[in-house]
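Okay, so here's the structure we're looking at.
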Amino acid sequence: MKLNIEKISSYLKSHDIRPSYQRMKIFEYLIVNKNHPTIDMMYKSLAPEIPTLSKTTVYNTLNLFVEKKIAIVILVEENETRYDADTSIHGHFKCDECGEVSDLKLGMEKINIPELDNFQINEHHLYFKGVCNVCLEKKK
Numbered sequence: 026m027k028l029n030i031e032k033i034s035s036y037l038k039s040h041d042i043r044p045s046y047q048r049m050k051i052f053e054y055l056i057v058n059k060n061h062p063t064i065d066m067m068y069k070s071l072a073p074e075i076p077t078l079s080k081t082t083v084y085n086t087l088n089l090f091v092e093k094k095i096a097i098v099i100l101v102e103e104n105e106t107r108y109d110a111d112t113s114i115h116g117h118f119k120c121d122e123c124g125e126v127s128d129l130k131l132g133m134e135k136i137n138i139p140e141l142d143n144f145q146i147n148e149h150h151l152y153f154k155g156v157c158n159v160c161l162e163k164k165k
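Under our numbering, the first residue of the sequence shown carries the number 26, and numbering increases by one thereafter.
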């Protein structure tokens, strides 16, 4: 699925981000692939298409996206920073076998934590780790 570059450009501009070619391709990658990539994963995937791309550019661009709230940081593992363009409230599951990170829809209306009633929540993170159904099926 290819996104319309004009739409990406407009979206970035609407969030006060100058839509350079590299920024648009990085955002397109996040939207299309939904693989919760690391900087290294994105760099290796995009570098053949964008020879002038550097890991520093990917890092700085992703940090800008996070700052402008069009992407979030996922820290399922302490030493592995991943990124997600889905900024809605949702959780993540990381498979210990294949390493895939998948989205989990959360029924926030069903989550009741009375200890937080008088608190302002600015950030949330819900992570599960284990073995995904595909890897479990392979073991059978």
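Note that the Cβ used here is the ideal one computed from N, Cα and C, for glycine as well.
Computed from a predicted model, the values in this text were never measured in an experiment.
Local Cβ density within 10 Å of residue i, reported as buried at 16 or more and exposed below that
i, result
"residue 136", "exposed"
"residue 121", "exposed"
"residue 10", "This structure gives no information on residue 10, because the portion of the chain shown stretches from 26 to 165."
"residue 141", "exposed"
"residue 144", "exposed"
"residue 149", "exposed"
"residue 130", "exposed"
As assigned by DSSP and simplified to three states, the class of residue i
i, result
"residue 106", "strand"
"residue 153", "strand"
"residue 113", "coil"
"residue 123", "coil"
"residue 130", "strand"
"residue 100", "strand"
"residue 26", "Unreliable positioning characterises residue 26 in this predicted model, as indicated by a pLDDT of 37, which lies under 50. A coordinate reading is not provided."
"residue 118", "strand"
"residue 43", "coil"
"residue 90", "helix"
Beta-carbon proximity check, residue i vs residue j, cutoff 8 Å
i, j, result
"residue 126", "residue 117", "yes"
"residue 94", "residue 106", "no"
"residue 83", "residue 64", "yes"
"residue 68", "residue 80", "yes"
"residue 75", "residue 50", "yes"
"residue 42", "residue 89", "yes"
"residue 154", "residue 101", "yes"
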